[in-house]
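Peer 1: In my numbering, the protein residues as written are 400 to 655.
1. Give me the residue from 537, 524, 504 with the minimum Cα distance to residue 647.
2. Count the other C-beta atoms from every protein chain shown that fall within 10 angstroms of the C-beta of residue 650, then say buried if there are 16 or more, exposed otherwise.
3. In angstroms, rounded to a whole number, what distance separates the CA positions of residue 405 and residue 567?
4. To the nearest angstrom, report how far apart residue 595 and residue 623 are at their CA atoms.
5. So residue 598 packs on residue 507, CB below 8 Å; how close in whole Å?
6. In whole angstroms, what separates the C-alpha of residue 456 from that of residue 527?
7. Starting from residue 484, trace the beta strand (DSSP E) in both directions and tell me its first and last residue.
8. Measure the CB-CB distance between residue 604 and residue 629 and report whether it falls below 8 Å.
9. Ignoring anything shorter than 3 residues, give me the beta strand (DSSP E) runs that lie fully in the stretch 554 to 624, in order along the chain.
10. Count the CB pairs spanning the stretch 574 to 591 and the stretch 550 to 561 that are closer than 8 Å, and state whether there are at least three.
11. To the nearest angstrom, report how far apart residue 539 and residue 446 are at their CA atoms.
12. Using only the alpha-carbon positions, how far apart do residue 500 and residue 564 sit?
13. Would the beta-carbon of residue 414 fall within 8 Å of that of residue 437?
14. Specify the secondary structure class of residue 402 as computed by DSSP and reduced to three states.
15. What is the rounded straight-line gap between the Cα of residue 412 and the Cα of residue 427?
16. Pick helix, strand or coil for residue 441, following the three-state DSSP scheme.
17. State the CB to CB distance for the pair residue 443 and residue 403, rounded to an integer number of angstroms; the pair is presumed to be in contact (CB under 8 Å).
18. Please classify residue 533: is it buried, with 16 or more other beta-carbons within 10 angstroms of its beta-carbon, or exposed?
19. Once DSSP output is grouped into helix, strand and coil, what is the label at residue 643?
20. Since residue 471 is in the beta strand (DSSP E), which residue starts that stretch and which ends it?
21. If residue 591 and residue 513 are in contact, beta carbons under 8 Å, what's the gap, nearest whole angstrom?
22. Return the CA-CA distance between residue 523 and residue 544, expressed in angstroms with no decimal places.
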């Protein structure tokens, strides 16, 4: 089992929370949100495998999403508030479906479980990314992916930063079966319905159309769920709009 690098911020010692970052990110970006929520919870945030200061995934079995989920689950020793962004949100959702008793509240920010809304997902981007990876053009594959999902200026990145992103684009490819085809079986019958914690799905108003479609599909099967959109925000809203995101998370925490 991979031991993940874990960041912790000051907060309410009696109420732990775990925050899971997006693909090609790291746990540090939860800092402003953790500070805002310190009276509610104490947030810990791991660097997911292959990110930040955590060990790499070896590319073998289990698959990347399963490997990541198991590593995160090992951090949970009592019911807690689970928060996830993008790919991290799909890991949080997978844990909630598998062990609903471990989750006090669940906040999903821009969950990218494309299999939930296959008719709304544009495969052209991933086809472009996969073609570039096959051609050995890792940097160009990363640039294309991040232009849609990353919210950053590729040309403004340092050479080391671009090299890191070019390595991590392979993890995006490795997650395809879980995210696009639900290889993890997150959408199995009676799975989402078994989550009895309050759920909040947060989206950016300017995010790709597939995101609200995914939110609609997930919410239709959950017994206690709310949805919120942050004006002027897109996919990277925990970084670009931390105050608004924290305020929404707080509303969900208060329901638990």
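The beta-carbon is built from N, C-alpha and C at its ideal position, and this holds for glycine as well.
Peer 2: Here's the rundown:
1. 504
2. exposed
3. 19 Å
4. 7 Å
5. 7 Å
6. 24 Å
7. 479 to 484
8. yes
9. 598 to 603
10. no
11. 24 Å
12. 36 Å
13. no
14. coil
15. 20 Å
16. strand
17. Going by Cβ atoms, the distance from residue 443 to residue 403 rounds to 10 Å, so no, they are not a contact pair.
18. exposed
19. helix
20. Not the beta strand (DSSP E): residue 471 falls in the alpha helix (DSSP H), residues 463 to 472.
21. The pair is not a contact, with the Cβ atoms about 16 Å apart (cut-off 8 Å).
22. 11 Å
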